[in-house]
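Below: the structure, in structure tokens.
In the UniProt record's numbering, the protein residues as written are 1 to 884.
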């Protein structure tokens, strides 16, 4: 029986033998397609090839494409786990032709692979064609010998594919497998087609026409082929299964889930294991492709999938995080085909673990609220939409998670009520936003863009330019002339507008009647907005203007921006390929770089990164900028920002030389990134690089702060001055400073220990060690001690010393610790089964105006507000012991 890995290899190998280029799966974050939340089919990465916009060096391709359907129009989330064939993550096998073969090639390829390589019985296969596609029907008769009864003509859109309202389109033919009459269902097009007897296994799309807005259609100059076969579905068929979750890969993940939760994989919790197995794949692949859980966009969809899986783990009785423990099992199954999983393993595990840990308390509270809401809800009534919205708004429960929980109780949500509550909240948010003036401002810039056109940016080549003032905005209103604070728009500018982490430029704009000092530059709808203060005269619309960027500031920003590129590559080489940029700030005085990584860098890693960046600065190689297509750039190994939308052409910035293991055409480029910012001419222009901080930014994201150029030199001078002062104070040379400092610290530690011992001796009544007065209560020796001048952290030592002196009994020590009460209690080991130090310290803390307390049966501590109540605390413990 072939495994899913075998089936994937057989498919790709078959088409490779037949002249197709095996193309790697594109990331789950689509490139250059803002209409898609996630990559959801094999043709997404070839979209421009089909339209003729992009030319590649091959006309035949085959792929195994990672796909996610859990957001937007294509959303399978609600059904996952409950049906045989719904998934959030799946693999789409496909073969593609861009103006090469057409129906005469696609149909024979499909038939030969299915019936020969996969050895599927011919009499179990049937096909559908679009009702007017006689050519495809005849081809099936000729190639496969199918009768008219097994070539079903479908007149609906099920068999006619369109890229959109306009553009490439064409008929398609779908191949079905007949499971036999033991399973209910009819052939496609029949009243019983929703049954499971006839299962679609492959769809071949014939792109032969172009659709126009007026509804007319004409034949394409370049006819193409796009096919898609779900690996999980064909895998189930070839393994003799009727359920995708019974295939070897899914079964192994289900058993890993069962092992991690100590539950039966085939018991009552089977649906929970199915959900976890599916969601493990989608969450892991999304994280590996750069998506992190967040409150919006792709990150929110990821979080919804995670939380749904976590709820099902909770229903299996899991008390601790489960998902991250299953990642090794997933990598064993799919790591060979998708090595990015292994590269990002640490990031995936840490992201899952931390998200599940944080969500556990929320999950417990939310499920409790849901159960309470159902107690008084009459049988058959829906859960009120307001309650579902509260779960969403207050507890972070997406609606589908609430619906999923209710499904198991045969209940539903009032979705109209939920939508109404959501709309009301959005209306309040919009009103608040509009009241701030932001909405009016935004509309102005779009209006300016429409009437005057977008601003031409000249700043890559110059810092000084001539332009014309085309618009002025003051206090949110367009004006013809301005003094004071104003936003200036010119037809062209050398000022860089804030973007991609690089701050906006500052400088001066001069006209014949005024001078304006620019404090910031931003961009909306392609319009560059110069935020300025008119310092002399006035500025008028229509005037010619001279625009001069602050050169020193721009130079510092350039150095920091180029340094972040070197830093990014150094981090990837030190920590692994899972490192990806999550945000940055390239200002004049400093740089900040956020990146995906699950734990703090060690001192050795920090030193390695800093050393490597400086090595390539000293290399002083030219910084090269080229314009190319995004796919060409990625083909050369260029790094792109996840979530960034790129046009048909991108600027690719390369710097540093690395023989043998680099990027680029010759494999000798150190750093290669898609970037629209400004950069130094040579890496040596950065000057130097000093890493000043490494901290956590958010879950799974670390932050580095650093300095370059003159700021770095100033930091070195500051450190040198500090070192000199330390040498003078220690009266040693630089070489002996560390040893001398360590010696002083050791002496200080020894003295602190002596002082602590003296305090304990004094607290116990003198250096002779005579214990304080003791009482025998219910056969227990009780020694209370009230002390001063002792800190709370020293009390356990006093308690241990007193326990050693009395041999058997209970101890209570109360101290005045800086105006607050500190208390510790101890019980010797022979009495801990009869009395607990925790109970003693709680009784004392209550008398001292405190609450709680904690520790072990033999030692516990607490605090209180009023140290003057120490006698009452002693009496409270006596009373407790008398009551035993």
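All C-beta atoms in this analysis are idealised placements derived from N, C-alpha and C, irrespective of residue type, glycine included.
For the alpha helix (DSSP H) that contains residue i, what are its first and last residues?
| i | result |
| --- | --- |
| residue 886 | Given that the chain is displayed from residue 1 to residue 884, the structure contains no residue 886 and the question cannot be resolved. |
| residue 306 | 297-315 |
| residue 841 | 837-847 |
| residue 50 | 47-51 |
| residue 887 | This structure cannot speak to residue 887, because the chain is shown only from 1 to 884. |
| residue 13 | 4-17 |
| residue 327 | 327-334 |
| residue 799 | 795-806 |
| residue 877 | 870-882 |
How about residue i and residue j: do their beta carbons lie closer than 8 Å?
| i | j | result |
| --- | --- | --- |
| residue 513 | residue 457 | no |
| residue 825 | residue 806 | no |
| residue 864 | residue 845 | yes |
| residue 414 | residue 382 | yes |
| residue 551 | residue 487 | no |
| residue 831 | residue 813 | no |
| residue 7 | residue 231 | yes |
| residue 175 | residue 110 | yes |
| residue 77 | residue 305 | yes |
| residue 324 | residue 363 | no |
| residue 202 | residue 195 | no |
| residue 598 | residue 347 | yes |
| residue 102 | residue 59 | no |
| residue 656 | residue 670 | yes |
| residue 549 | residue 507 | yes |
Using the DSSP secondary-structure output, state which residues sit across from residue i in a beta bridge.
| i | result |
| --- | --- |
| residue 63 | 94 |
| residue 523 | 528 |
| residue 161 | 170 |
| residue 508 | 517, 548 |
| residue 655 | 671 |
| residue 500 | Bridge partners of residue 500: none, in fact. |
| residue 178 | 198 |
| residue 663 | 669 |
| residue 777 | 780 |
Taking C-alpha atoms, which residue in the options lies nearest to residue i?
| i | options | result |
| --- | --- | --- |
| residue 527 | 104, 860, 496, 136 | 496 |
| residue 756 | 790, 773, 780, 779 | 790 |
| residue 273 | 64, 109, 257 | 257 |
| residue 412 | 402, 447, 803, 489 | 402 |
| residue 249 | 230, 330, 303, 312 | 330 |
| residue 564 | 547, 592, 43 | 592 |
| residue 653 | 380, 622, 223, 418 | 622 |
| residue 66 | 50, 78, 52, 87 | 87 |
| residue 775 | 511, 754, 141, 879 | 879 |
| residue 190 | 747, 290, 155, 217 | 155 |
| residue 116 | 62, 10, 196 | 10 |
| residue 687 | 720, 180, 617 | 617 |
| residue 576 | 605, 836, 554, 259 | 605 |
| residue 277 | 850, 192, 312 | 312 |
| residue 369 | 387, 203, 379, 355 | 387 |
| residue 782 | 186, 851, 717, 876 | 876 |
| residue 319 | 361, 341, 51 | 361 |
| residue 503 | 188, 817, 161, 678 | 678 |
| residue 468 | 728, 540, 798 | 540 |
| residue 120 | 620, 237, 672, 180 | 237 |
| residue 866 | 851, 857, 21 | 851 |
| residue 619 | 632, 681, 636 | 681 |
| residue 562 | 632, 840, 586, 579 | 586 |
Just to confirm the assignment, what range does the beta strand (DSSP E) spanning residue i have?
| i | result |
| --- | --- |
| residue 820 | 820-827 |
| residue 413 | No beta strand (DSSP E) contains residue 413, which DSSP labels as neither H nor E. |
| residue 210 | 198-211 |
| residue 816 | 810-817 |
| residue 692 | 689-698 |
| residue 859 | 859-864 |
| residue 707 | 701-708 |
| residue 282 | Not the beta strand (DSSP E): residue 282 falls in the alpha helix (DSSP H), residues 270-288. |
| residue 464 | 464-474 |
| residue 788 | 780-788 |
- request: Would you list, in sequence order, the uninterrupted alpha helix (DSSP H) runs of no fewer than 4 residues that lie entirely inside the segment 552-636?
  value: Positions of the alpha helix (DSSP H) runs, each at least 4 residues long and wholly inside the segment 552-636, are given as 603-619, 630-635 in order along the chain.
- prompt: Mind pulling the alpha helix (DSSP H) runs of 4 or more residues that sit fully within the segment 76-151?
  reply: Runs found: 103-112, 134-144.
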